[in-house]
Amino acid sequence: MPRIFLLSPANLAGIRAQMLMDPRAQFPLARDLRSARGITLGDAMSFTSGLYFRGKLAYARAFAAPPPGAPGVLVITPTAGLRPPDAHCTLETLREFSGVDIAAGDPRFRAPLAFDLRALHGQAGDAEVVLLGSIATDKYTSALLEVFGDRLLFPQDFVGRGDMSRGGLCLRCVESGEELGYLPVRGAERRGARPPRLPRKR
């Protein structure tokens with residue numbers, strides 16, 4: 095089955111995001127962010143979110159199977175709709191992203207996302223669309239369900255897990271080559287009991 099992954103964005107209001115956007119920061123990624131070219135969206139989100147986004151991105155790249163002409167992995171952004179993880183962003187871009195409250199349904203978030211989702215619908219054909227992100231609230235799912243309906247899926251094993259556990263689970267799937275099982279978002283149990291902790295890796 096053709097499959098496209100949509101990744102929820104990292105929190106750009108947190109401590110690690112502030113470190114990255116600090117104009118005094120001298121570590122390489124922060125310096126590159128301030129350049130005219132900037133850094134990739136994937137690198138920016140992976141730094142600010144850590145294990146969670148890095149795991150999601152590695153997983154999506156490993157298991158994406160898009161139809162011809164369609165992207166396999168896209169990141170939901172706060173103001174720029176859907177963007178590939180290799181798209182470049184600058185310091186000004188991240189500052190713009192950090193100023194929008196996704197949870198409040200800000201039109202600066204919703205309008206470009208809705209536009210890009212409709213375009214993706216035309217490219218996706220009969221492909222499944224998998225959200226790698228939280229379904230506990232409607233902040234992502236309401237817009238996605240309006241376009242993709244029952245074709246919008248999520249990893250069943252994400253329910254009840256915290257962000258770090260989800261990231262670790264994704265990385266283990268990449269290492270083993272075993273893809274997770276998916277369920278439709280519509281009608282799914284959005285909050286469940288916390289599953290057992292992942293066993294320690296040797």
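Yeah, the sequence shown ends on 296 if you go by my numbering, and it's all consecutive.
The C-beta atom is built at its ideal place from N, Cα and C for all residues, glycine as well.
- In the DSSP assignment, R97 forms a beta bridge with A159, E222.
- Under the three-pair Cβ rule at 8 Å, the segment 205 to 215 does not count as touching the segment 147 to 161.
- Annotation: Q112 to L106 spans about 8 Å, alpha carbon to alpha carbon.
- For the segment 172 to 240, the full-length beta strand (DSSP E) segments reaching 3 residues or more read 222 to 226 along the chain.
- In this structure, the straight-line span from the alpha carbon of A237 to that of R204 is close to 7 Å.
- P122 carries a helical assignment under DSSP once its states are collapsed to helix, strand and coil.
- In the pairwise beta carbon analysis, the segment 113 to 133 is classified as not touching the segment 231 to 251: fewer than three pairs are separated by under 8 Å.
- Shown here for G149: same chain residues with a beta carbon closer than 6 Å to its own, the five before and five after excluded, namely G261, C264, L265 in chain order.
- V241 and Q217 have their C-alpha atoms spaced approximately 13 Å apart.
- As DSSP reads the structure, T134 sits in a beta bridge with H182.
- Closest in C-alpha terms to G227, from the list L114, Q120, L151, comes L151.
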